[in-house]
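Colleague: Next up is a structure, given as structure tokens.
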Amino acid sequence: MAASMSQAVRLSCRSLLLIRSRCCPCSCAQHTAVSSAQTTGDVVEKIEIPKRKKRDSLSILKALSSTVGKDDLAPGYMFVDDPYLIPRNPREQKMFALSKSSGREAARYMISKVPDCFEQDTAAPHIPAFMPPKTSYDHTDPTELALIERIQMRHVKNAIEIYQHIKRNGSNLKEETMLRFLELLCVFNGQEPPPVPHPETVFFSSQEAQKKPRFKEGIKDASKTTWDNQLAETLFEELPNKTPEAYTYLIRGMAKYFEADKAFHLYSELKEKKISVGKEVYDTMLRMSGKYSTSSEECFKHIQDLFIDMSAAKVKPDVLTFNAALKSLNKFAGFLSDPKIRGVDYVGRYLAEMKFLGIEPCLATWAHVLFITCFQKNSDGAKLYEIIDHLQGQEMTFQDPDDLTFFSLAIKKVFFACKDLEIAYKIDELVNTGSNKKFLGDQNQINDYYNYFFRVLCMFETVDKIMEYYERLVPHTWLPYRNEFPFLLDTIEVEKAYRHLPRIWSDIMVNGYDYISLFADRVLTMMVSTTHPPELQHRFAMIAKHIMKTRDDLIEQQKKMSVEINAPMMGNIILLFLRDGQFDEAWNHFERYRCQHTKFAGLMLDDVYVEMVDNCIMQQDVRKAFVCVTLMGEMSASNQREMVEKIKKSFNLTDSEREELDLLVSS
44 MAASMSQAVR LSCRSLLLIR SRCCPCSCAQ HTAVSSAQTT GDVVEKIEIP
94 KRKKRDSLSI LKALSSTVGK DDLAPGYMFV DDPYLIPRNP REQKMFALSK
144 SSGREAARYM ISKVPDCFEQ DTAAPHIPAF MPPKTSYDHT DPTELALIER
194 IQMRHVKNAI EIYQHIKRNG SNLKEETMLR FLELLCVFNG QEPPPVPHPE
244 TVFFSSQEAQ KKPRFKEGIK DASKTTWDNQ LAETLFEELP NKTPEAYTYL
294 IRGMAKYFEA DKAFHLYSEL KEKKISVGKE VYDTMLRMSG KYSTSSEECF
344 KHIQDLFIDM SAAKVKPDVL TFNAALKSLN KFAGFLSDPK IRGVDYVGRY
394 LAEMKFLGIE PCLATWAHVL FITCFQKNSD GAKLYEIIDH LQGQEMTFQD
444 PDDLTFFSLA IKKVFFACKD LEIAYKIDEL VNTGSNKKFL GDQNQINDYY
494 NYFFRVLCMF ETVDKIMEYY ERLVPHTWLP YRNEFPFLLD TIEVEKAYRH
544 LPRIWSDIMV NGYDYISLFA DRVLTMMVST THPPELQHRF AMIAKHIMKT
594 RDDLIEQQKK MSVEINAPMM GNIILLFLRD GQFDEAWNHF ERYRCQHTKF
644 AGLMLDDVYV EMVDNCIMQQ DVRKAFVCVT LMGEMSASNQ REMVEKIKKS
694 FNLTDSEREE LDLLVSS
């Protein structure tokens, strides 16, 4: 009895302490430990309060998103709309996205033209970008305050005018103001800032306007603007004290607009004066080394000298510093890829130094390494295997704009050199790890990656596995272009997996008339290569009917583009109708060819006449059989005599009909 009472008291005390600790954990932790020790005698319980985790504003959204995952069959977020309006091919996607962008531009234009109509601010919190841009100035006189106001608003031309007025008036400016004005001039090259493009415009930027890096061209800057900023150089000379900031602004401005000679001259000047500058200047000079050098040895010497200068100035490099050095060597990738030069040794030194400093390479680093070591298409790609094995299972973080070039470059290397399905799968697995898909880049780079990935699949994988990927990605993630469809059709033909042709043809149709014209002949030839189950045969006949209807519609509408149908294609269309049991449809097309055969280039295959005669016999239509063998004679078909004999045996002919057939053979 006493023992049970004692146990009940201990449980009650424990429950009370637990409630108190939940209400005030900080103040009760020590008391709980002591009380527990007293009640249990030998067990000391200690409550450890976990440290507070730092979370950003997107943590909850990320957690919720991780529970759902991505639906590959759903359209991209920017294309979500009424189902009828969801784009189905690359052209429609581009038009859809750029239409949205155009609408925003129109709204921006109206706000700038009639700002008085948009002064009401209903957003909470306040969003400056939604409000009309400020066009008036608080300071109109040519003073230092007016110059500062225009610098803050990034009105370069007006800032230059105010500065010139101040100089003519003989007024002096503070050194801080002059530095801010110098920074503005160097960043924008003395020109007005270009308008910030909408994300859709960047995502679908045309390849003509913004060249993407190709396998042979390396990773290059897209801008072509040249340095034309005499005012910035004059302002720099007028500075009473040429501070490290002034050198930094001018050097980075010259480098941004490809004035390598002046940038290196200015760097030599600050080096002689023993002026300490930040890491950004060294990164800039490293990026310019390739443009300033005429050979790989000279480039490597410049890079080595810059690293020595950094070490002497006790400036710590980071991953962007080494990326800049490797990017400069890209210019000489063709030379460094020669086995005699051993460019891999150049790269190895930088990677070893990064490892020594505890710097983890990013995707841009590996992209530069891959480009230099595997420049030649016939290289073995050994470095690629090492890189992918090193990155396997990692979720990458964005550190360098060139991070977006890695995956497309890697998969191209697999296609051109490695020819290895396993490494292609590893690359795709890495792409689908975490949020790594964002490193595929814009729409052009996404298409580039999947184009070459599917080419590798078509070379080595079974058609069922290929179509599994195809169904998952097409049409909302990727649509094959005209260079990719032949690879898919080759694989289907090799494995005789003709059941997939209707699915492929539907995507060919979605891409437009030019695609239909390109692949109609190939698809028709594949569909008649053998007999198929009735259901599939019917679908093939519908494809043939659609091809002819498309051709006729284009001719009727007098379109410039047309679907060319030659005689062999016409024969294949007739065969597809015959094999689907559509004799009347087949005969209509046969009559069309007979009456207009001069409009169809080439000759129909003899098999078409044979099957047509056989079907005429099945239909017991002797007149149509006679028309067939007559056309065979006109087209010099090799088996006309055989078909004539078959008709004689299959029909009860009169003497005159037999004489007519004999005359056809003898003529």
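For the sequence shown, the numbering used here assigns the number 44 to the initial residue and increments by one for each residue that follows. Note that the Cβ used here is the ideal one computed from N, Cα and C, for glycine as well. Since this is a predicted model, take the numbers as computed values, not measurements.
What are the boundary residues of the alpha helix (DSSP H) that includes Q136?
Modeller: Position 93 of the sequence shown, counted from the start, is the residue given in the question as residue 136. Residues P133 to K156.
Colleague: Between V571 and the rest of its own chain, which residues show a CB-CB distance below 7 Å, the 5 nearest in sequence each way excluded?
Modeller: For this step, residue 571 is matched to residue 528 along the sequence shown. So the list reads N615, L618 and L619, once near-sequence residues are dropped.
Colleague: Below 8 Å on the Cβ atoms is my guess for C405 versus D443; work out the distance and round it to an integer in Å.
Modeller: Indexing the sequence shown from 1 puts residue 405 at position 362. Indexing the sequence shown from 1 puts residue 443 at position 400. Indeed they touch by this definition, with Cβ atoms about 6 Å apart.
Colleague: Check for me: the alpha helix (DSSP H) holding I616 runs from which residue to which?
Modeller: As a working mapping, residue 616 is identified with position 573 in the sequence shown. A610 to R622 is the span of the alpha helix (DSSP H), which, as asked, contains I616.
Colleague: Let's see if you can read the secondary structure: which residues bound the alpha helix (DSSP H) around F307?
Modeller: Looking up residue 307 in the sequence shown gives position 264. Start and end: A303 to E315.
Colleague: Closest to H198 by C-alpha separation, out of F173, K217, L227 and E219, would be which residue?
Modeller: Within the sequence shown, the letter at position 155 stands for residue 198. Closest option to H198, Cα to Cα, is L227.
Colleague: Tell me which residues share the same chain as Y393 and place their Cβ nearer than 8 Å to its Cβ, disregarding the 5 neighbours each side in the sequence.
Modeller: Residue 393 sits at position 350 when you count from the first residue of the sequence shown. Contacts found: F365, A368 and L369.
Colleague: Could you work out which residue in V566, Q488 and E634 is closest to V245 when comparing CA atoms only?
Modeller: On the sequence shown, residue 245 is found 202 positions in, with the first residue counted as 1. Measuring from the Cα of V245, the nearest candidate turns out to be Q488.
Colleague: Flag this pair as yes or no: are the beta carbons of M655 and A629 separated by less than 9 Å?
Modeller: Walking along the sequence shown from the start, residue 655 turns up at place 612. Walking along the sequence shown from the start, residue 629 turns up at place 586. Yes.
Colleague: Return helix, strand or coil for Y512, following the three-state DSSP convention.
Modeller: Numbered from 1 along the sequence shown, position 469 holds the residue referred to as residue 512. Looking at Y512 - three-state DSSP - the assignment turns out to be helix.
Colleague: When the Cα of K691 is compared with those of M675, S709, V665 and V670, which residue comes out closest?
Modeller: For this step, residue 691 is matched to residue 648 along the sequence shown. Checked all of M675, S709, V665 and V670; the closest Cα to K691 is V665.
Colleague: Would you be able to state if there are at least three C-beta pairs under 8 Å between the segment 498-505 and the segment 472-484?
Modeller: Verdict: no, contact absent.
Colleague: How long is the line joining the alpha carbons of G321 and A298, rounded to whole angstroms?
Modeller: The residue given as residue 321 occupies position 278 in the sequence shown. The residue given as residue 298 occupies position 255 in the sequence shown. Going from the Cα of G321 to the Cα of A298 covers about 15 Å.
Colleague: Mind reading off the beta-carbon distance from Y492 to S451? Whole number of angstroms is fine, and I expect it under 8 Å.
Modeller: The residue labelled residue 492 in the question sits at position 449 within the sequence shown. The residue labelled residue 451 in the question sits at position 408 within the sequence shown. Right, the Cβ-Cβ distance comes to about 5 Å (below 8 Å), so this counts as a contact.
Colleague: Just the C-alpha distance for K539 and H519, rounded to the nearest angstrom, thanks.
Modeller: For this step, residue 539 is matched to residue 496 along the sequence shown. For this step, residue 519 is matched to residue 476 along the sequence shown. Those two C-alpha atoms are separated by around 27 Å.
Colleague: What does the Cβ neighbour count give for Q136, buried or exposed, with the cut at 16 atoms within 10 Å?
Modeller: Here the question's residue 136 lines up with position 93 in the sequence shown. Answer is buried; the Cβ neighbour count reaches 16.
Colleague: Excluding the five sequence neighbours on either side, which residues of its own chain have a C-beta within less than 6 Å of the C-beta of Y495, listed in chain order?
Modeller: Position 452 of the sequence shown, counting from 1, holds the residue named residue 495. Counting only Cβ-Cβ distances below 6 Å, and skipping sequence neighbours, we find I454, K455 and F458.
Colleague: Under three-state DSSP, which class holds D164?
Modeller: Working through the sequence shown from its first residue, we reach residue 164 at position 121. DSSP places D164 in coil when its eight states are reduced to three.
Colleague: Nearest by alpha-carbon distance to F449: which of A410, A425 and Q437 is it?
Modeller: Translated into the one-based positions of the sequence shown, residue 449 becomes position 406. Considering only alpha carbons, the answer is A410.
Colleague: Using a Cβ distance threshold of 8 Å, determine whether the segment 579-596 contacts the segment 166-181, with at least three qualifying pairs required.
Modeller: No: fewer than three Cβ pairs fall under 8 Å.
Colleague: Let me confirm a value: R622 is counted as buried when at least 16 other C-beta atoms fall within 10 Å, else exposed. Which label applies?
Modeller: Indexing the sequence shown from 1 puts residue 622 at position 579. Buried, because 16 or more other Cβ atoms sit within 10 Å of the Cβ of R622.
Colleague: Report the rounded CA-to-CA distance for G484 versus P242, giving the unit in angstroms.
Modeller: Counted from its first residue, the sequence shown places residue 484 at position 441. Counted from its first residue, the sequence shown places residue 242 at position 199. Computed Cα separation, rounded: 12 Å.
Colleague: Buried or exposed, going by whether 16 or more other CB atoms sit within 10 Å of the CB of R295?
Modeller: Here residue 295 corresponds to residue number 252 of the sequence shown, with the count starting at 1. When all chains shown are included, R295 counts as buried.
Colleague: Taking the straight line between their C-alpha atoms, what separation do you get for K481 and Y389?
Modeller: Residue numbering aside, residue 481 sits at position 438 when the sequence shown is read from its first letter. Residue numbering aside, residue 389 sits at position 346 when the sequence shown is read from its first letter. Roughly 30 Å separates the two Cα atoms.
Colleague: With a cut-off of 8 Å on the beta carbons, I'd call E438 and N479 a contact; round off their distance for me.
Modeller: For the purposes of this step, residue 438 is identified with residue 395 of the sequence shown, where counting begins at 1. For the purposes of this step, residue 479 is identified with residue 436 of the sequence shown, where counting begins at 1. Yes, E438 and N479 are in contact; Cβ-Cβ is about 6 Å, under 8 Å.
Colleague: Output the distance between the C-alpha atoms of L532 and M569, rounded to the nearest integer angstrom.
Modeller: Translated into the one-based positions of the sequence shown, residue 532 becomes position 489. Translated into the one-based positions of the sequence shown, residue 569 becomes position 526. Their backbone Cα atoms lie some 9 Å apart in a straight line.
Colleague: Pull up the distance between the alpha-carbon of V566 and that of P529, whole angstroms please.
Modeller: The residue labelled residue 566 in the question sits at position 523 within the sequence shown. The residue labelled residue 529 in the question sits at position 486 within the sequence shown. Those two C-alpha atoms are separated by around 10 Å.
Colleague: How many angstroms separate the CA atom of M613 from the CA atom of R151?
Modeller: For the purposes of this step, residue 613 is taken as the residue at position 570 of the sequence shown. For the purposes of this step, residue 151 is taken as the residue at position 108 of the sequence shown. If you take the alpha carbons of M613 and R151, they lie about 54 Å apart.
Colleague: Distance, Cα to Cα, I203 vs N284?
Modeller: The sequence position of residue 203 within the sequence shown is 160, counting from 1. The sequence position of residue 284 within the sequence shown is 241, counting from 1. Cα to Cα, I203 sits roughly 21 Å from N284.
Colleague: Please classify L532: does DSSP put it in a helix, a strand, or coil?
Modeller: In the sequence shown, residue 532 corresponds to position 489, counting from 1. Helix at L532.
Colleague: Would you tell me roughly how many angstroms separate the C-alpha atoms of A407 and F343, rounded to the nearest one?
Modeller: Taking the first residue of the sequence shown as position 1, residue 407 is located at position 364. Taking the first residue of the sequence shown as position 1, residue 343 is located at position 300. Approximately 19 Å, taken between the alpha carbons.
Colleague: Looking at the secondary structure, which residues open and close the alpha helix (DSSP H) in which T109 lies?
Modeller: Position 66 of the sequence shown, counted from the start, is the residue given in the question as residue 109. Thr is not the amino acid found at residue 109; the sequence shown has Ser there. Residues S102 to V111.
Colleague: Cα separation between L476 and K305?
Modeller: Within the sequence shown, the letter at position 433 stands for residue 476. Within the sequence shown, the letter at position 262 stands for residue 305. In the sequence as presented, Leu is not what sits at residue 476; that position holds Thr. Whole-angstrom Cα-Cα distance: 45 Å.
Colleague: Helix, strand or coil for A563 per DSSP?
Modeller: If you number the sequence shown from 1, residue 563 lands on position 520. It is helical.
Colleague: Nearest-angstrom Cα distance between S332 and G391?
Modeller: To locate residue 332, count along the sequence shown from 1; it is residue 289. To locate residue 391, count along the sequence shown from 1; it is residue 348. Cα to Cα, S332 sits roughly 19 Å from G391.
Colleague: DSSP three-state label for W630, please.
Modeller: Taking the sequence shown and counting its residues from 1, the one referred to as residue 630 is at position 587. The answer is helix: DSSP assigns W630 an H, G or I state.
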